[in-house]
Amino acid sequence: MDRIEHRQLEETLFYEKLPNGLQVYLLPKPGFNKTYATFTTRYGSIDNHFQPPGGEKIRVPDGIAHFLEHKMFEEKDGDVFSRFSNQGASANAFTSFDRTAYLFSSTGNVEKNVTTLIDFVQDPYFTDPSVEKEKGIIGQEIRMYDDNPDWRSYFGLIAAMFAEHPVKIDIAGTVESIAKIDKETLYTCYETFYHPSNMLLFVVGPIDPKSIMELVRKNQETKPFEAMGEIKRFFPEEPEGVDQAKMEIRLTVGIPKCLFGFKESRNEVGLQGEELVRRELATEVMLEAIFGEGSDLYQSLYDDGLIDDHFGYDYSLERGYGFSIVGGDTPDPETLVDRIRSALPKIQQEGIPTEVVDRIRKKKTGGYMRSLNSPEWIANQFTRYQFNGANLFQVVPLLESLSANEVNRRLQDHIDWDRFAVSIVRSQEAK
Amino acid sequence: MTEALHFESFEAGNARIHICSTEKFKTNLLMVMVQQSLSPETVTRHALLPSVLQRGTRTYPTTVGLKRKLDEMYGANLFGDVTKRGENHVMQLGLEVANERFLTGTSSLLEEGAAFLGEILTQPAIDGERFADGFIQSEKKNLKQKIESLMDDKIRYAAHRCVSEMCAGEPYALFNHGRLEDLDEIDSENLYTYYRELLRTRPLDLYFIGHLSRTEVESLVKRHFDVGSGNRTPVPSPLVQSEVKDVKRVVDRLDVNQGKLNMGYRTPVTYADDTYPALLMYNGILGGFPHSKLFVNVREKASLAYYAASRIESHKGILTVQSGIEIDNYQRAVDIIQEQFDLMAQGKFNETEWSQTRAMLINQLRERQDRAYDLIDAHYHGVISGRKRSLEQMVRELETVTRDDVTAIAQQVKLDTIYFLRDQKEEAAHGSN
């Protein structure tokens, strides 16, 4: 077991890669009551075209990674929720573009709960009737999101930006696409992506790392996993520019939603490791300088009633795709976008001064420390960074070493109007 | 098991101070709570105030200047909001600031943070005896938008509509962000008068959580929180509980894909009662968790919904059920939900449901110890209800609740309102499948 000290933050991380390839990370949090564990596979909604090691190339229905996530909770003898409840743990799971995570949190029975978590994820059990029944439940989950204007504007923007890449497909799929899912395809996906060598276990809480590691080791030794070859994933060629400059959706809302942003250039979306984190941080600092609450632009839009305190920004950079998303509620989407279009060129021309970069660097450092209070955030972000070949605990030193030059380079490279798209959600009767 | 955290409380001036000293967080959290009665006369003013206070202070009269100062304080997070707690309307203002021991080259973040929050609360940017006009105008617009955007989140909208129909005529029916019709008459002068009066007379609680000591906090309060020395009297917020006569049925129509079924029930129990832990057990078995009756029967067995849950409002004594369903399944869902309440009233819950619920509730309570906001929230329940329960006490009480206690509550729970948010289409054939 390796031990990695992060002195400044007073955190110590324990790590081991088991013989079957599973990566295990343990972060003791003395003083905390709660233990939070995530067991994550590197398999998400975008992995819809792949070739299992030794198998044929296949294309699977949209929404299947998420469907599989739901079905994992069913077992031969009852369901896992009930077992976790007996052990005082609340369990859950989520599927994103690139990952599926299973998790629990509890203040007692930690060893039992860790075992339950690993065992249920490593023991699939699907039947035809239960797959059919799940279609009703997920159908309602999809309907729920259909009525959610924030979700619709978010996916509207991604769908406007991307022509081919499966990131544009809703994570849960559609009622039509999930109708095509069957037990056999679920098993194929499971066997391809749920091998320990494609997974990471993270446990954070008032734990004794030695005994937890021993427990995981023993648990894995009893299960025969054959060595696994490489999983091939196929992604279509994605054009550099956006697919559509504007997407509009009609839905009953009290206030229109307007999101806009820039699709990341092809040059950036292959980055990994430290390089990826640097690029991500530089972009976030750049966006904060332009759209953060401390910016002149934010305040003038706010004072003119074009934005409210829900206005925000977000940046994603992953292997294969990247984008920024800015916006929120606005009474007048067109005017808001016009103001952005006329303000940004001037900001690009003038550049972001060093003192602004310094101020935002401080802000982000404090925000990072706030996040470290949250075991959920740590587990989730740590896993994401690790899957991208990076380390969450590098963030502060990287932030400190970021230069104003790097930030300004992002200002020039990311803000490109050929890669700009807008998504609006408003009511039927609105103009 | 890690030891539970506790607050040390004392009076300073005419405010109450609560300190929780702990090293487990990487930040320090400072929070102010001001209690008001929930009433049509004050609800909108009270809702508007926290955003106006966050616009500027004597030292930082411009909002940009104020926000930049927050950035400089390592991204100190300033926030404000209003919440309903039974018939009370609570204003919260808070500041979370990084603990300086994890940062190199800074030593005064706590001091700076306290000074800053103290100024937000007691030294707002004013223009004579009024708030700055520009701030009022733009915050009124912001609040208007907040009220109008209630309908955007259909889950939240349906929950609010159900409760406001159910409690029509009671203060609790009011929306926590206020009423559009009040906005016109609010101006920079009358809001300032309201603010002065509020700060002078209403119960004010100051919370400090983090790596800090009582002496340190006492000195910070003395220097930065000039909250006066007059008398604060408890706010009149009597609990209003109406008798249920007939079940109200309300249908709203909007352009939606999914129907939202919300059902409101009256219970005779609030946080202040001895039987509150039994109510927690009742709600837990019924609909608080994935092993609960509602989740298992509406979702897992009948496959009708993605979510089906119940929750209680601790200071009002009401219990609500929320679920998102196919519109044609309305009657089936209502029947299944009602059946679960009937089973509860007949005492039909088994040993497994019982022990799972107790384990989950205790786990939930213990988990709240790991979030500074939750620690304050849990403590403030005690302040506002006049009934303090420590974590240990609550756990003990949950361990001694009996099945008869829960059945006794179940028999008094009464359905008041069935609310359904549905699409615009013509009446469909209910119960066709």
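Read top to bottom, the protein sequences are chains A and B. For the first sequence, position 174 matches number 174 in full-length UniProt numbering, and the numbering has no gaps at all. For the second sequence, position 58 matches number 58 in full-length UniProt numbering, and the numbering has no gaps at all. Ideal Cβ positions, reconstructed from N, Cα and C, are used throughout, including at glycine. Quick caveat, the model's predicted, so the values are computed rather than measured.
- Taking the Cβ atoms as the reference, residue 118 of chain A lies roughly 6 Å from residue 39 of chain A, within the contact range of under 8 Å.
- Annotation: residue 95 of chain A to residue 296 of chain A spans about 37 Å, alpha carbon to alpha carbon.
- Nearest C-alpha to residue 274 of chain B among B:253, B:382 and B:12: B:382.
- Proximity of residue 424 of chain A to chain B, defined by a Cβ-Cβ separation below 8 Å, is not satisfied.
- In the three-state reduction of the DSSP assignment, residue 92 of chain A falls in the strand class, which pools E and B.
- Check the Cα spacing between residue 344 of chain A and each of A:317, A:411, A:366 and A:278: the tightest is with A:411.
- In this structure residue 102 of chain B touches residue 369 of chain A by the C-beta definition: roughly 6 Å separates them, less than 8 Å.
- The criterion of a C-beta distance shorter than 8 Å is satisfied by residue 421 of chain B and residue 252 of chain B.
- Sequence-ordered contacts of the segment 23 to 41 of chain B with chain A read 23, 24, 25, 26 and 27 [C-beta pairs closer than 8 Å].
- The C-beta of residue 367 of chain A comes closer than 8 Å to at least one C-beta of chain B.
- In the three-state reduction of the DSSP assignment, residue 314 of chain A falls in the strand class, which pools E and B.
- If you look at residue 84 of chain A, you'll find it in the alpha helix (DSSP H) that goes 80 to 86.
- Within its own chain, the residues whose Cβ lies closer than 8 Å to the Cβ of residue 59 of chain A, once the five positions on either side in sequence are excluded, are 48 and 49, listed in chain order.
- Ranked by Cα distance from residue 184 of chain B, the first of B:378, B:55 and B:48 is B:48.
- By the Cβ criterion, the segment 162 to 169 of chain A is in contact with the segment 236 to 250 of chain A, since at least three pairs of Cβ atoms, one from each stretch, lie closer than 8 Å.
- With respect to chain B, the C-beta atom of residue 149 of chain A has a partner C-beta closer than 8 Å.
- When the beta-carbon positions are compared, residue 254 of chain A and residue 150 of chain B come within less than 8 Å of each other.
- Of all residues in the segment 407 to 420 of chain B, none comes within less than 8 Å of chain A when Cβ atoms are compared.
- Looking from the CA of residue 287 of chain A, the closest CA among A:122, A:221, A:414 and A:402 belongs to A:414.
- Against chain B, the beta carbon of residue 293 of chain A has neighbours under 7 Å at 67, listed in chain order.
- The C-beta distance from residue 64 of chain A to residue 189 of chain A rounds to 6 Å, short enough to meet the 8 Å contact threshold.
- Minimum Cα-Cα distance from residue 311 of chain A among the listed residues A:329, A:299 and A:137 corresponds to A:329.
- Taking 8 Å as the cut-off, the beta carbon of residue 291 of chain B is found no closer than this to the beta carbon of residue 104 of chain A.
- Within chain A, no residue has its CB atom less than 8 Å from the CB of residue 136 of chain B, the nearest being about 12 Å off.
- Close partners of residue 395 of chain A in chain B (Cβ separation under 8 Å) are lacking, with about 13 Å as the shortest Cβ gap.
- Of the candidates A:27, A:429 and A:289, A:27 places its Cα closest to the Cα of residue 1 of chain A.
- Residues of chain A whose Cβ lies closer than 8 Å to the Cβ of residue 256 of chain B are, in chain order, 147 and 252.
- In this structure, the beta-carbon distance from residue 337 of chain A to residue 234 of chain A does not fall below 8 Å.
- The beta carbon of residue 282 of chain B is closer than 7 Å to those of 344, 406, 409 and 410 in its chain, skipping five residues each way along the sequence.
- Between the C-alpha atoms of residue 179 of chain A and residue 309 of chain B there is a straight-line separation of about 26 Å.
- Using a Cβ-Cβ cut-off of 8 Å, residue 128 of chain A is close to nothing in chain B; its nearest Cβ partner there is about 14 Å away.
- Of the other Cβ atoms in all chains shown, fewer than 16 fall within 10 Å of the Cβ of residue 4 of chain A; this residue is therefore exposed.
- The shortest CA-to-CA distance from residue 76 of chain B to any of A:389, A:425 and A:365 is the one to A:365.
- Of all residues in the segment 268 to 299 of chain B, the ones placed with a Cβ closer than 7 Å to any Cβ belonging to chain A are 289, 290, 291 and 299, in chain order.
- Taking a contact as a CB-CB distance under 8 Å, the pair residue 379 of chain B and residue 7 of chain B counts as one, their CB atoms being some 5 Å apart.
- Put simply, the CB of residue 148 of chain B is near chain A, with a gap under 8 Å to one of its CB atoms.
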